[in-house]
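Note sheet for the following structure.
Number of protein chains: 2
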Amino acid sequence: MSNLSSVLDQVDAELDSSLERLFALLRMESISTDPIYADACAATAEWLASDLQSIGFEARVAPTKGHPMVVAHHEGPAGAPHVLFYGHYDVQPVDPLELWDRPPFDPQIMDMPDGSKRLIGRGTSDDKGQLMTFVEACRAWKAETASLPIKVSILFEGEEESGSPSLLPFLEANKEELQADFALVCDTNMWDLKTPAIATALRGLVGEEITIHAADRDLHSGYYGSAAANPIHILSKILAGLHDDAGRVTLDGFYDAVSETPDEILKQWDGLGFSAEDFLGEIGLSSPAGENDRSVLEQVWSRPTCEVNGIYGGYSGEGSKTVIPSEASAKISFRLVGDQEPETIRKSFRKFVSDRLPADCTVSFKDHGGSPAVHLDYEMPELQKAANALEEEWNTKTALIAMGGSIPIVGDFKSIFGMNSLLIGFALGDDRIHSPNEKYELSSYHKGTRSWARILDALAVS
Amino acid sequence: MSNLSSVLDQVDAELDSSLERLFALLRMESISTDPIYADACAATAEWLASDLQSIGFEARVAPTKGHPMVVAHHEGPAGAPHVLFYGHYDVQPVDPLELWDRPPFDPQIMDMPDGSKRLIGRGTSDDKGQLMTFVEACRAWKAETASLPIKVSILFEGEEESGSPSLLPFLEANKEELQADFALVCDTNMWDLKTPAIATALRGLVGEEITIHAADRDLHSGYYGSAAANPIHILSKILAGLHDDAGRVTLDGFYDAVSETPDEILKQWDGLGFSAEDFLGEIGLSSPAGENDRSVLEQVWSRPTCEVNGIYGGYSGEGSKTVIPSEASAKISFRLVGDQEPETIRKSFRKFVSDRLPADCTVSFKDHGGSPAVHLDYEMPELQKAANALEEEWNTKTALIAMGGSIPIVGDFKSIFGMNSLLIGFALGDDRIHSPNEKYELSSYHKGTRSWARILDALAVS
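The listed protein sequences correspond, in order, to chains E and R.
Going by my numbering, 162 is the number at position 162 of the first sequence; the sequence numbering is gapless.
Here my numbering runs 462 ahead of the position in the second sequence, where the first position is 1.
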């Protein structure tokens with residue numbers, strides 16, 4: 001414990017220089033979904049590898065067909081466990097830019113009226129701020145003890161926000177190098193500002209994009225209106241049919257592999273003091289929009305969903321244009337639970353769309369990736385060690401929760417390496433990840449770093 | 463007739479220099495719907511006023527709250543009729559730019575395999591090429607006779623493609639100056655490549671834009687999916703409900719003021735040899751999409767319609783983004799016939815949308831203008847004179863047709879000045895106006911100019 005205590009002091013003493021490193025990382029425009037930021041992604045990977053080398057990691061930038069990976073290793077004491085830490089350095093696009101209060105890649109610390117501080121900028125919470133809590137914990141251990149309490153490998157991905165196309169091939173091609181005893185993944189939330197959480201269930205994801213094609217060119221609506229098929233009308237009709245009046249998804253067989261959440265888990269969730277009113281109220285809403293026979297917590301944690309994430313077709317500029325466009329598109333994603341197979345859901349969706357195409361229209365599909373849902377093992381001894389370490393830092397019981405989001409790598413770690421994953425993160429539900437004015441509480445960053453310092457220590461104890 | 467014959471020779475002899483002037487006009491990027499092109503619109507108006515002055519018109523650029531008007535006058539022989547010619551110098555936006563074979567504002571003449579020639583570029587057909595046929599006919603008359611056969615006033619508008627917001631106030635404020643015996647409007651089509659046409663009926667137009675608002679920010683679909691209202695889902699459902707399975711518009715009272723086309727007119731249309739198969743086949747379609755108990759010609763000429771011209775919301779960039787947007791929008795237009803009142807239709811539409819909003823959602827509306835349908839007087843003597851002049855130029859009977867498009871100024875000329883309008887144009891249905899690769903047949907331009915030279919002559923005869 002003497003070591004841990006001085007390591008925690010070191011984290012506190014070095015907070016300012018730690019933030020300087022984080023801000024250097026946040027300034028890099030590593031948007032993975034748009035090819036024009038490819039150089040920025042590569043530069044970000046180089047920066048991370050070089051920073052890890054500065055702590056004593058053996059680190060390299062590993063090319064892929066898309067954005068590169070960062071892989072790093074550090075030895076631990078003989079007989080100590082070996083963990084693989086995962087984070088991602090890519091970030092979401094920043095549009096609509098006009099809704100940001102300041103430039104998204106010019107991070108700053110904001111003083112809040114209650115005396116707390118926030119880090120503001122794209123990636124502060126998702127996921128650069130989170131991954132740096134682990135890096136900085138390692139740096140503090142090295143500074144104080146010239147070593148780490150356990151053996152640590154690190155994998156930083158640059159395509160998490162764009163469906164991770166290179167991840168699976170990379171894991172398979174580097175199976176031996178990346179094998180560890182278990183994984184640590186830092187891309188999730190705390191229960192609330194003061195309560196740490198470990199996520200034990202994650203929904204899967206299927207991403208699709210459809211484009212409805214009609215006439216072979218854009219048409220003048222005065223000359224062709226009503227006689228010529230309008231692909232926006234057809235797309236609207238198809239999307240409107242994806243949910244029934246009870247909020248259920250209408251795809252054939254969609255709920256076949258969905259199992260009910262056990263009563264004991266639902267009871268535990270009840271005990272968390274979740275308020276649907278607060279959850280929706282915080283984003284300006286009041287009525288749950290999903291399946292009308294499910295609680296809000298079920299809707300976002302344990303039920304499968306279908307959401308249209310984007311739609312575009314025809315004229316969207318200023319004013320009006322009397323055009324019938326030749327095509328219209330939508331981006332759609334499904335969240336999966338239980339044993340829903342991504343490819344089965346994709347197939348059912350494509351059939352649903354194709355079955356509803358009128359004469360003269362065609363559809364093209366784009367596959368934006370997929371991953372099944374994951375349920376972690378409650379009996380995993382490392383889970384209890386990490387939960388206790390978190391409890392010591394935050395002085396309150398660690399919440400074991402489910403997550404609505406999808407972290408496909410957790411499934412890959414299990415299927416390729418047989419590794420379980422501990423999902424520990426310090427983000428908050430109001431961090432506006434994927435939105436303008438993304439933020440990360442300074443307390444998440446500071447106490448998150450301290451939490452990892454404690455977890456590294458706790459995991460060393462056999 | 464001796465004068466006319468030498469004027470026609472003059473048109474032929476000056477074709478090359480006439481095209482040079484047209485191309486100078488076409489190079490000006492006078493897109494009226496987008497405020498960033500305001501300077502280009504102003505420059506285009508200046509160019510036109512100056513060109514008209516060079517022929518001997520008294521011409522001026524008249525400012526409005528939006529883009530300026532061009533107003534010009536030229537005296538005629540004592541006792542000759544006085545016409546007001548209308549055209550518009552603004553053009554449609556050029557997106558999607560990547561579908562153009564060459565830059566839209568770099569016009570060129572293309573040699574076709576059949577030996578014909580085409581003018582290619584934005585505005586060649588709608589409406590710069592058309593309005594210049596009249597200007598060049600006046601120029602030829604002046605060159606040959608130092609005068610015009612009738613008194614001519616000219617009004618060129620710069621906001622026709624964006625709903626003409628300044629037109630009505632301008633007409634009312636300049637009523638005395640613009641009053642003439644009747645109007646000539648050149649913004650319509652020929653029946654086909656070899657058959658001239660005068661349009662005697664035009665549909666009206668109502669333009670609306672709606673934005674559905676839900677949460678107060680963009681949301682992560684993993685955290686909020688299904689629980690939070692998705693404005694794209696709501697918008698899709700509303701748009702999908704605008705037509706029933708028979709292709710009829712479902713707005714309350716939509717068909718109340720729609721009268722049936724008289725049998726004799728339907729019979730005349732039958733005689734035009736219109737082929738629905740060819741009409742749709744030319745744009746890559748084969749099945750009429752509108753009211754299933756109406757012919758295609760009725761659908762596009764004499765029936766009211768509702769078309770979504772654009773839709774946008776959420777993420778539309780490369781790849782995917784798991785977002786639930788805070789809002790989603792659509793641009794919608796209605797074509798009106800008979801006595802349908804634009805404001806009645808607008809009100810019915812807004813009620814339709816508001817009635818379908820779920821809890822937590824709001825809607826905002828933008829008014830993109832409106833105009834009633836217009837039916838011209840078949841008994842107008844000038845109609846027969848112009849029809850005969852066209853027949854002489856094209857060696858075939860002039861078709862008297864209806865038009866699916868809307869030209870609001872025709873209604874304004876009637877209501878403010880009591881003037882009837884002759885709608886004569888040389889565009890073709892396949893000119894791709896409002897679309898990439900807009901074109902105008904060289905024969906439309908050349909013989910169009912000759913046609914106006916003949917019409918000016920014919921109208922002078924009492």
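Beta carbons: idealized from backbone N, C-alpha and C, even for Gly.
Once you ignore the five residues that flank residue i on each side, which residues in its own chain have a CB closer than 7 Å to its CB?
i, result
"R/Thr586", "Leu488, Pro569, Glu900, Lys901, Tyr902"
"R/His908", "Leu477"
Can you check DSSP and say which residues form a bridge with residue i?
i, result
"E/Ala199", "E/Ile401, E/Leu423"
"R/Arg797", "R/Leu667, R/Thr767"
"R/Ala790", "R/Ile674, R/Gly775"
"R/Lys828", "R/Glu671"
"E/Met466", "The first residue shown for chain E is 1 and the last is 462, placing residue 466 of chain E beyond what the model contains."
"R/Glu619", "R/His550"
"E/Met69", "E/Ala62"
"E/Leu15", "Note: E/Leu15 sits in no beta bridge, so no partner."
How would you list, in chain order, the residues of chain E whose beta-carbon sits under 9 Å from the beta-carbon of residue i?
i, result
"R/Asp732", "Chain E residues near R/Asp732: none, gap ~17 Å exceeds 9 Å."
"R/Thr657", "Correct list: empty, because the minimum Cβ distance to chain E is about 17 Å."
"R/Gly583", "Under the 9 Å cutoff, chain E gives no residues; its nearest Cβ is about 16 Å from R/Gly583."
For residue i, would you say it is in contact with chain E, using Cβ-to-Cβ distances shorter than 9 Å as the test?
i, result
"R/Thr767", "yes"
"R/Gln554", "yes"
"R/Tyr777", "yes"
"R/Glu491", "no"
"R/Phe419", "As displayed, chain R neither begins before 463 nor continues past 924, which places residue 419 of chain R out of reach and without an answer."
"R/Val770", "yes"
"R/Ala719", "no"
"R/Ser791", "yes"
"R/Val647", "no"
"R/Ala835", "no"
"R/Asp557", "yes"
"R/Leu561", "yes"
Using a cut-off of 8 Å between C-beta atoms, extract the partners of residue i located in chain C.
i, result
"E/Pro149", "This model lacks chain C altogether, as its protein chains are E and R."
Report the CB separation of residue i from residue j in whole angstroms; it is logged as a contact under 8 Å.
i, j, result
"R/Leu655", "R/Ala835", "Between R/Ala835 and R/Leu655 the Cβ distance is about 28 Å, and since that is not below 8 Å, they are no contact."
"E/Leu422", "E/Leu456", "Between E/Leu456 and E/Leu422 the Cβ distance is about 12 Å, and since that is not below 8 Å, they are no contact."
"R/Asp714", "R/Ser810", "5 Å"
"E/Glu161", "E/Val91", "6 Å"
"E/Ser329", "E/Thr195", "E/Ser329 to E/Thr195, Cβ: 41 Å. No contact."
"R/Ser492", "R/Tyr551", "6 Å"
"E/Gly310", "R/Lys783", "7 Å"
"R/Glu670", "R/His830", "6 Å"
Chain R beta carbons: is any one of them nearer than 9 Å to that of residue i?
i, result
"E/Arg335", "yes"
"E/Pro325", "yes"
"E/Gly411", "no"
"E/Ala214", "yes"
Determine the chain R residues that contact residue i at a beta-carbon separation under 8 Å, and present them in chain order.
i, result
"E/Ala229", "Leu747, Ser749, Ala751"
"E/Gly163", "Gly781, Ser782"
"E/His243", "His695"
Short of 6 Å in beta carbon distance, which residues of its chain neighbour residue i, apart from the five on each side in sequence? Order them along the chain.
i, result
"E/Thr64", "Ser166, Phe170"
"E/Cys306", "Leu242, Val249, Phe334"
"E/Glu58", "His73"
"E/Trp141", "Val7, Leu148"
"E/Thr261", "Ser302"
"R/Met572", "Arg580, Ile582"
List the residues of chain R whose Cβ lies closer than 7 Å to the Cβ of residue i, in chain order.
i, result
"E/Leu155", "Here the premise fails: no neighbours, minimum Cβ distance about 21 Å."
"E/Arg432", "Arg679"
"E/Asp360", "Leu747, Ser748, Ser749"
"E/Tyr223", "Val762, Gly866, Gly867, Gly891"
"E/His368", "Gly781, Ser782"
"E/Lys237", "Ala702"
So with CB distances below 8 Å, who are the chain E contacts of residue i?
i, result
"R/Pro497", "Glu318"
"R/Arg665", "Gly222"
"R/Ser897", "Arg217, Asp218, Leu219, His220, Val323"
Could you name the residues of the same chain whose beta carbon sits closer than 8 Å to that of residue i, not counting the 5 residues immediately before and after it, in chain order?
i, result
"R/Ser816", "Val825"
"R/Ala511", "Ala521, Arg522, Val523, Val532, Ala534"
Run through chain R and tell me which residues come within less than 9 Å of residue i, C-beta to C-beta.
i, result
"E/Gly273", "In chain order: nothing, as chain R lies at least about 17 Å away."
"E/Gly207", "Gly781, Ser782, Thr784"
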